[in-house]
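Numbering (the working numbering), first residue to last: 48 to 696.
Input: a single structure, listed below in structure tokens.
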DNA sequence: AGACTCACG
DNA sequence: ACGTACGTGAGTCTC
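Laid out in structure tokens, this is it:
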């Protein structure tokens, strides 16, 4: 039976089994109900086996099914405010879009707001003074495309949105995460079949024409109606409403909060690293016997394989020729002293160009901090991504990397708190697969890789060697990624027969994991999609490909997505829970502005807190992360406190 | 614009 | 018979 746990909260129509037949029986139903109730998943609770319909008491707003209607754009004056309020009082859905003086929210002014209410459009210039109450109506739904921008503006003005949110960009993403076309134009075309002109993906256009914004917003309001039906048909409205929409204000605040940087550390680092790079570069030219650009893969390839005639056997080939990627250079490490120099050069140049020299230039003049964007409609699995700058790939693995991470600091009088999930994806595998052997390992609190090695090799924990643990770790990762024996062999450099043997033994011992993977694939091929424990879907058309490579890739995606995606769901719910408690503290000592969530790196949350609050906040965050969802295994989060990000572990 | 490489989970 | 694991964003070179 595939997708067992997924069906706990997501009854999939068309499957050849009923909820009651599922492994749900032996799952702790009560805890699921509690979890759902905590998140107000009323629409999901009723769908549990034996669910109680009386819990379901959401109200369905009336449909506004409109043909194209001419609209009037009304500008701000006293009479029109009255007319606006009157229009608003007759409906529980309205749309809004901001018009800013620039694209960077922190450095621009709010020029105006465009509203669409029913058939009417309104444009208010300089609306700062009066609009607050509009967004405080708890019985209304605010519709918009990329609402985080508007929420940020409002938050900045200390106007918090208390309305329900319906973001058509994120609805589009939830309906099909496999495409990246979630801009307003694409959504309107997809939902309404209507072509609109002009670039509409910009959230805030300098000097945007309010009339044009209103036209688009009207279509967005229509698109939300069709999306709403689709989400309901997908039985995915809980995920949308209770997770994604609730996350918007959380991300908005995180982006506004930003993170402090010790630019002095980076400036010093830049000088030292720059000198080192020059030194290594000179040595490389000397070894090569001629001058060339080490940063050019083409030139480097010619030097290595034509001029120096290094053995190219077994070196991966790309479209343009032999690869010079690090894994390939590693094979040549003993062939020539230039290889090691190139690898050193690469490491330093990468970190210098991507982080050391860039981060100080990104410090916002007004806040003195770095502000990223957390993208909520990008990844195919449900994870967030971070860009401009990407703060989810700050170095940590090398010494220089740790020094860079140490440039991320808490402001004077504050400390950082980092909380990270321990082995969350493997715990999710154990839980989804209901693999008792793996569940027991986690229940006993053992080192999962060591314990896996012990199980595979049939030896006690203390007899597990380094090599055994390393191999077991590789196989554990392989499970998450849908490995084959070729992939595992390549990764671990073990002979293929041995990799095959390892996998065979692994699946003999963790037979429910094997069963789970097979069932997931079976389901995916039949239905064309996979889903997380909470019903987040990913369609995978590659599964039907005639091309072996494409199809195999599809199968690996199908195995990985429910795991990575469920972890993403968990983290999002934890963030909402943490945010809620920070904003509505039960404890007296927690003050609104003294605790800030600032970063999320997939399985890690970073907060900045006023000194003295570390203990309280640590506990709060750890509790939220560990208890937001009850799995079949314990969920563990580790918390640490310090002045610098690089110090936390 | 696309290829390549590499930073992170 | 096939091929070098999943998910991202960004800098650089080349055309």
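A virtual CB, placed ideally from N, CA and C, is assigned to each residue, including glycine.
Inter-residue spacing [alpha-carbon to alpha-carbon] between residue i and residue j
i, j, result
"residue 311", "residue 449", "15 Å"
"residue 615", "residue 229", "20 Å"
"residue 464", "residue 621", "15 Å"
"residue 79", "residue 529", "With a pLDDT of only 37 at residue 79, under 50, the local geometry of the prediction cannot be trusted, and the value read off the model is given with reservation. Whole-angstrom Cα-Cα distance: 28 Å."
"residue 317", "residue 224", "39 Å"
"residue 558", "residue 430", "29 Å"
"residue 165", "residue 190", "12 Å"
"residue 484", "residue 556", "8 Å"
"residue 542", "residue 233", "48 Å"
"residue 221", "residue 471", "23 Å"
"residue 412", "residue 160", "26 Å"
"residue 385", "residue 452", "29 Å"
"residue 428", "residue 291", "14 Å"
"residue 274", "residue 237", "10 Å"
"residue 537", "residue 375", "12 Å"
"residue 218", "residue 239", "14 Å"
"residue 145", "residue 638", "30 Å"
"residue 694", "residue 653", "13 Å"
"residue 363", "residue 370", "6 Å"
"residue 574", "residue 278", "17 Å"
"residue 688", "residue 462", "7 Å"
"residue 593", "residue 601", "11 Å"
"residue 678", "residue 214", "30 Å"
"residue 426", "residue 634", "36 Å"
"residue 263", "residue 539", "53 Å"
"residue 629", "residue 532", "47 Å"
"residue 158", "residue 265", "20 Å"
"residue 664", "residue 468", "16 Å"
"residue 352", "residue 368", "10 Å"
"residue 684", "residue 257", "48 Å"
"residue 671", "residue 610", "20 Å"
Cβ distance (whole Å) where residue i is taken to contact residue j below 8 Å
i, j, result
"residue 162", "residue 131", "7 Å"
"residue 188", "residue 210", "6 Å"
"residue 423", "residue 298", "6 Å"
"residue 490", "residue 681", "6 Å"
"residue 447", "residue 395", "7 Å"
"residue 503", "residue 519", "6 Å"
"residue 438", "residue 646", "6 Å"
"residue 656", "residue 640", "Not really, about 11 Å apart at Cβ, beyond 8 Å."
Where residue i falls, given that 16 or more other Cβ within 10 Å makes a residue buried
i, result
"residue 92", "Confidence at residue 92 is low in this model, with a pLDDT of 30, below 50, so the placement of that residue should be treated as unreliable; the coordinate-derived value is given next. Buried, by the Cβ-count rule."
"residue 267", "buried"
"residue 676", "buried"
"residue 400", "exposed"
"residue 324", "buried"
"residue 440", "exposed"
"residue 29", "This structure cannot speak to residue 29, because the chain is shown only from 48 to 696."
"residue 692", "buried"
"residue 342", "exposed"
"residue 459", "exposed"
"residue 455", "buried"
"residue 271", "buried"
"residue 481", "buried"
"residue 661", "buried"
"residue 636", "exposed"
"residue 305", "buried"
"residue 137", "exposed"
"residue 244", "exposed"
"residue 366", "exposed"
CB contact flag (residue i, residue j, <8 Å)
i, j, result
"residue 406", "residue 313", "yes"
"residue 561", "residue 554", "yes"
"residue 686", "residue 669", "yes"
"residue 307", "residue 457", "yes"
"residue 177", "residue 140", "no"
"residue 486", "residue 500", "no"
"residue 203", "residue 302", "no"
"residue 296", "residue 198", "yes"
"residue 231", "residue 192", "yes"
"residue 564", "residue 606", "yes"
"residue 350", "residue 372", "no"
"residue 434", "residue 420", "yes"
- [ ] Indicate whether the contact test is met: 3 or more Cβ pairs, each with one atom in the segment 379–394 and one in the segment 406–415, closer than 8 Å.
- [x] no
- [ ] State whether the segment 281–295 contacts the segment 581–593, with contact taken as three or more CB pairs (one from each stretch) at a distance under 8 Å.
- [x] yes
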